[in-house]
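Have a look at the structure below, then the notes.
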Amino acid sequence: MNNSLNIFLSLCSGFICPFIPLLPITSILINVYLLINLGGPTWARVSIWLLVGMVVYLCYGRTHSSLKDAVYVPAAHVDEIYETSSNSIA
């Protein structure tokens, strides 16, 4: 390999995942297998914690939102917007 090509490859090459697409597909299948083999009580606990997390997230978001005091104005019709913008442009 000549020197300029070696320098180019060292500058441009990033992380390359080995064994594409075998490795990602195998990883997904292993994770699906592990999820399927979880017991019912585990899924119940996960579901309860997800619900608790969603309630906390939604309650916090509603009280701390920057759009809480926003005034909502109905949007104009698209045709009216295009007519006024085309008339104003000479």
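Per UniProt numbering, the sequence shown starts with residue 1, numbered consecutively.
Yeah, the Cβ is synthetic: ideal placement off N, Cα and C, and Gly gets one too.
In this model, valine 32 and cysteine 59 are separated by some 32 angstroms (Cα to Cα). For glycine 40, the uninterrupted alpha helix (DSSP H) run begins and ends at 40-64, by DSSP. DSSP places isoleucine 30 inside the alpha helix (DSSP H), whose first and last residues are 22-36. Distance between leucine 34 and tyrosine 57, taken at the CA atoms: about 28 angstroms.
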